[in-house]
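Participant: Before we start, here is the structure in question, set down as structure tokens.
Protein chains: 2
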Amino acid sequence: MPVPLYQAKADFFRTLGHPARIRVLELLQEGPLPVRDLLAQIDIEASSLSQQLAILRRAGVVSAEREGSTVVYSLATPELADLLDAVRRILTEMLVDQGELLAELRAEAHG
Amino acid sequence: MPVPLYQAKADFFRTLGHPARIRVLELLQEGPLPVRDLLAQIDIEASSLSQQLAILRRAGVVSAEREGSTVVYSLATPELADLLDAVRRILTEMLVDQGELLAELRAEAHG
DNA sequence: AGCGCAGTTGCATAATTGTTCAAGTCGCAA
DNA sequence: TTGCGACTTGAACAATTATGCAACTGCGCT
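Quick mapping for you: the protein sequence lines, in order, are chains A and B.
Take the first sequence: its position 19, counting from 1, is numbered 18 in numbering that gives the first Met the number 0, and each next residue is one higher.
Take the second sequence: its position 51, counting from 1, is numbered 50 in numbering that gives the first Met the number 0, and each next residue is one higher.
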């Protein structure tokens, strides 16, 4: 009996539900990067980054390849970019709505 | 100082990271529904569903409106459908990849 | 072989989330 | 105004997830 699809989706979203993991995916959108570069951009301890990378790996969202003494990560699929785009659109829309609400509240206070 | 965008994205994904919440969003894609109907489709206690709905409400993902003695929920934005589509595509691709891997493993075993 | 650098893993503890049940609110109808 | 159905809320306890530190692996250099 397969995992229900809604469960798989929830699991997937949960693996994206951490700021460091989001940053990793955003950085990898530009192309593969070694851990060292990720570490330079994300303010977090090396071991903690490793843990987050492991979570992304286990979920199949990124893949790692050893190159000499460094490890290079890349997105498992470019479709992830679409997803991040969709979220960006939703968040900006939500922020706009909040802005409008805020404007209304101000108008009310001054009216 | 505003919440960093990657933090907002992570929070957003986390609010989607629960099977019941995913089911709610999927059902609401078709249009607004009263709690009673959601409850009929999702196998979960009423109070638990309420908790999950509250989480979605607080995140601004759905909105609720009282109509007589029932409460009707709807998606805050239709853009959510795009997001769910993107996830579906990603998951199916990931499953296909796994299928291919499985096929390879079988070929190896019998070869 | 012995070192040091780049990452990773294990594990203990702290912090968040989820689940359940009891109690509470709101509208409606008797 | 009492009662009931439809939801929601609060709070306690269980389960997951996050964090930080120490130990460990793999590679390249000397």
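Note that the Cβ used here is the ideal one computed from N, Cα and C, for glycine as well.
#1: Give me the residue from ALA75(B), ASP36(B), ARG88(B) with the minimum Cα distance to LEU94(A).
#2: Tell me, which residues are paired with SER62(A) by DSSP?
#3: What are the boundary residues of the alpha helix (DSSP H) that GLN6(A) is part of?
#4: Within its chain, find whatever has a CB closer than 7 Å to the CB of ILE21(A); leave out the 5 residues flanking it on each side and keep chain order.
#5: Just mark PHE12(A) as buried or exposed, buried being the case when its beta carbon has 16 or more other beta carbons within 10 Å.
#6: Distance, Cα to Cα, GLY30(A) vs ASP36(A)?
#7: Does PRO31(A) come out as helix, strand or coil in the three-state DSSP assignment?
#8: Kindly say whether ASP81(A), judged by its beta-carbon, lies nearer than 8 Å to any beta-carbon of chain B.
#9: Would a C-beta distance cut-off of 8 Å place PRO18(B) and TYR5(A) closer than the cut-off?
#10: Okay, do the region 38–45 of chain A and the region 57–70 of chain A touch, 3+ Cβ pairs below 8 Å being the bar?
#11: So that I know if they touch, is there some Cβ in chain A lying closer than 8 Å to that of ALA63(B)?
#12: Between PHE11(B) and chain A, is there a C-beta pair that is closer than 8 Å?
#13: Taking C-beta to C-beta, are LYS8(A) and LEU90(B) nearer than 8 Å?
Facilitator: Taking the geometry as given:
#1: ALA75(B)
#2: SER73(A)
#3: 4–15
#4: LEU15
#5: buried
#6: 12 Å
#7: coil
#8: yes
#9: yes
#10: no
#11: no
#12: yes
#13: yes
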